[in-house]
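Chains as they are written, first to last, in my numbering: chain S, 1 to 359; chain R, 360 to 587.
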């Protein structure tokens, strides 16, 4: 009897849930359609797209809308340059297993990695990449590096052996949506399957050292050079160097629009960081060994001595938060805490366009 | 939360292809890993619960220790073993559903074994007495014991399934959460949370719970039928 009762109760809960959702579904459907419509009609005029959809949301949907207060305070500064490079993994690299013993027969799909890298360096692909974001955010998110290597030759179609390409990349490339936009076109044209693993730059490079990636696409020069110098990289056909820097954008320093630290008026980014530290204004650090984290560490005044080591910022925990999380999660945290944060522009624009969440 | 429910319904209603793929990978992984774990755990549990042999106590302690292995540690071990530089690299299993199932089996089997063992240890004495009284053979006694354990076998399967579908630490390590291939519900929720999209994460969580509820209802009905 009791069992029967419990079953009936559980069933009615499910039905109630579904019924409740069904009723809400209609209104929900229309509101999102509305916003979707305004977004598509807004898209061609590009300029104030993000701001407009922002206000649209607040009037339309007062249930859970977040008005993003975070704004870009410092950008396009040379010290904030964010260069993306790709590196092919060398199958003859000095791989070692977890115990440090040499391993010689690591399977790396070199032909597949070559094809993908060559395709990314085609002038047509570069044009796609540098125009990416114009439609959605009214702003280009990536620029072509001056004198970036280009490729004009043929790209072989996939064979059974070269079909699967393992790409290890950083969260910021993946979260900006660039790969989801580019890769399907490559896969469709040549029949490859690209398996994307995304993690912070540190972990992305480590995965390659473990023989789990055919190429890497990352943005941390010092870590890339270390990878190349250790012999893990390979020069692909028609290129001169292992490290192929092809896209860049800028890191941006964001903070509350009221800007209590006066970052906007600081002469340089370094001064801005010094001002934040001096006034002990809340700052959110990725704290995860990512490219963004590495860049941030290089911008603090040297006398603070902030490094990756948790010991080094133990005295600053009243204002310095080491989040150990992805870019999106850190942006949400900065928004909540009214803190300052260093972020790549692509992720930030996506964050604002989606009203405080990342799609 | 309200918007999360809306999003969950929208996601299902829209028949999003990526969501369908995530659901099918999740189902494949949790159903097969719990089934394999059941096939291993039930005999082991019966053996440990009903038979007395030297080393049984040690095995019990070992099994209970394995129950406490953090999933992420299990995932890390498999990651290292099956990495491009690992000793088992020639199987080419890293970042596949198969290795996710394997890691899950290692995590779930001790739970099922212990679950069976606790129950069987209680009923083994009386069952043996009855069998002796009826003059049953060893094989018949075993069948009687198995028959008496129908109920915990079902609840054990549910235990394994729930653990498998809810697991994130191990499967994200060995599966890599690759879109269209090894991304399951829990790793997708992690991804959305990392990107700060909490409501979509909750929406997926709700779908996961409803699935789990459906599975539980189904098996409970079956269990009642078989047990009565």
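Just so it is clear, CB atoms sit at the ideal spot from N, CA and C, and this is done for glycine as well.
C-beta contact flag for residue i and residue j at 8 Å
| i | j | result |
| --- | --- | --- |
| residue 103 (chain S) | residue 247 (chain S) | no |
| residue 162 (chain S) | residue 229 (chain S) | no |
| residue 209 (chain S) | residue 289 (chain S) | no |
| residue 181 (chain S) | residue 353 (chain S) | no |
| residue 85 (chain S) | residue 245 (chain S) | yes |
| residue 196 (chain S) | residue 205 (chain S) | no |
| residue 431 (chain R) | residue 529 (chain R) | yes |
| residue 388 (chain R) | residue 456 (chain R) | yes |
| residue 454 (chain R) | residue 545 (chain R) | no |
| residue 559 (chain R) | residue 369 (chain R) | no |
| residue 547 (chain R) | residue 467 (chain R) | no |
| residue 79 (chain S) | residue 299 (chain S) | yes |
| residue 134 (chain S) | residue 140 (chain S) | yes |
| residue 400 (chain R) | residue 459 (chain R) | no |
| residue 578 (chain R) | residue 518 (chain R) | no |
| residue 343 (chain S) | residue 251 (chain S) | yes |
| residue 215 (chain S) | residue 116 (chain S) | yes |
| residue 408 (chain R) | residue 480 (chain R) | yes |
| residue 532 (chain R) | residue 435 (chain R) | yes |
| residue 473 (chain R) | residue 415 (chain R) | no |
| residue 142 (chain S) | residue 132 (chain S) | yes |
Option in the options with minimal Cα separation from residue i
| i | options | result |
| --- | --- | --- |
| residue 326 (chain S) | S:111, S:284, S:85 and S:252 | S:284 |
| residue 128 (chain S) | S:159, S:183 and S:203 | S:183 |
| residue 429 (chain R) | R:460, R:527, R:366 and R:474 | R:527 |
| residue 324 (chain S) | R:562, R:552, R:578 and R:560 | R:552 |
| residue 222 (chain S) | S:211, S:292, S:212 and S:252 | S:292 |
| residue 371 (chain S) | S:311, S:304, S:178 and S:212 | Residue 371 (chain S) falls outside the range modelled here, since chain S spans only 1 to 359, and no answer is possible. |
| residue 570 (chain R) | R:546, R:385 and R:365 | R:385 |
| residue 537 (chain R) | S:164, S:188 and S:186 | S:164 |
| residue 383 (chain S) | S:308, S:198, S:299 and S:279 | The first residue shown for chain S is 1 and the last is 359, placing residue 383 (chain S) beyond what the model contains. |
| residue 516 (chain R) | R:503, R:373 and R:392 | R:392 |
| residue 437 (chain R) | R:422, R:462 and R:549 | R:462 |
| residue 112 (chain S) | S:156, S:318, S:316 and S:131 | S:156 |
| residue 402 (chain R) | R:521, R:511, R:380 and R:494 | R:511 |
| residue 148 (chain S) | S:334, S:239 and S:302 | S:239 |
| residue 317 (chain S) | S:328, S:329 and S:304 | S:304 |
| residue 514 (chain R) | R:502, R:475 and R:379 | R:475 |
| residue 568 (chain R) | R:582, R:520 and R:580 | R:520 |
| residue 539 (chain R) | R:550, R:380, R:582 and R:484 | R:380 |
| residue 509 (chain R) | R:482, R:496, R:411 and R:498 | R:482 |
| residue 153 (chain S) | S:172, S:168 and S:121 | S:121 |
| residue 485 (chain R) | R:449, R:501 and R:472 | R:501 |
| residue 334 (chain S) | S:301, S:281 and S:272 | S:281 |
| residue 350 (chain S) | S:301, S:158 and S:175 | S:175 |
Proximal chain R residues relative to residue i, where beta-carbon distance stays under 7 Å
| i | result |
| --- | --- |
| residue 98 (chain S) | 439 |
| residue 325 (chain S) | 553 |
| residue 396 (chain S) | In the structure as shown, chain S begins at 1 and stops at 359. Residue 396 (chain S) is therefore absent and cannot be evaluated. |
| residue 103 (chain S) | 444 |
Interface residues of chain B facing residue i [CB-CB closer than 8 Å]
| i | result |
| --- | --- |
| residue 195 (chain S) | Included in the structure are the protein chains S and R, with no chain B among them. |
Contacts of residue i in chain R (Cβ-Cβ under 8 Å)
| i | result |
| --- | --- |
| residue 329 (chain S) | 552, 553, 554 and 555 |
| residue 160 (chain S) | Simply none; closest approach about 13 Å. |
| residue 106 (chain S) | 443, 444 and 448 |
| residue 351 (chain S) | 555 |
Those residues which DSSP pairs with residue i across a bridge
| i | result |
| --- | --- |
| residue 285 (chain S) | S:322 |
| residue 96 (chain S) | S:102 |
| residue 82 (chain S) | S:249 |
| residue 70 (chain S) | S:256 |
| residue 89 (chain S) | S:233 |
| residue 193 (chain S) | S:164 |
Partner residues on chain S for residue i, Cβ-Cβ distance less than 7 Å
| i | result |
| --- | --- |
| residue 442 (chain R) | 210, 211 and 212 |
| residue 445 (chain R) | 97 |
Residues that residue i contacts on chain S, provided the C-beta gap is smaller than 9 Å
| i | result |
| --- | --- |
| residue 509 (chain R) | By Cβ distance, chain S contributes nothing, its closest Cβ being about 16 Å from residue 509 (chain R), past 9 Å. |
| residue 423 (chain R) | Ordered by position in chain S, no residue passes the 9 Å Cβ test against residue 423 (chain R), which lies about 27 Å from the chain. |
Under 9 Å from the C-beta of residue i: neighbouring residues of chain R
| i | result |
| --- | --- |
| residue 175 (chain S) | 553 and 554 |
| residue 283 (chain S) | Within chain R, no residue comes near residue 283 (chain S); the closest Cβ sits about 17 Å away, beyond 9 Å. |
heavy atom of the ligand NAP below 7 Å from residue i C-beta
| i | result |
| --- | --- |
| residue 393 (chain R) | This structure simply doesn't include the ligand NAP, nor any ligand for that matter. |
Start-end ranges of the alpha helix (DSSP H) lying completely within the segment 418-466 of chain R, minimum 4 residues: The alpha helix (DSSP H) runs of length 4 or more contained entirely in the segment 418-466 of chain R are, from start to end of the chain, 430-441.
Contained beta strand (DSSP E) runs [length at least 3] in the segment 195-279 of chain S, N- to C-terminal order: You should have 215-218 and 244-256.
3-residue-minimum beta strand (DSSP E) runs that sit fully inside the segment 301-346 of chain S, ordered along the chain: Within the segment 301-346 of chain S, the complete beta strand (DSSP E) runs of at least 3 residues are 320-322 and 340-344.
Alpha helix (DSSP H) runs contained entirely in the segment 117-174 of chain S, provided each spans 4 or more residues: Within the segment 117-174 of chain S, the complete alpha helix (DSSP H) segments of 4 residues or longer fall at 123-131 and 134-137, listed in chain order.
Ordered list of alpha helix (DSSP H) runs contained in the segment 504-581 of chain R, each at least 4 residues: The segment 504-581 of chain R contains these whole alpha helix (DSSP H) runs: 509-525, 528-534 and 544-553.
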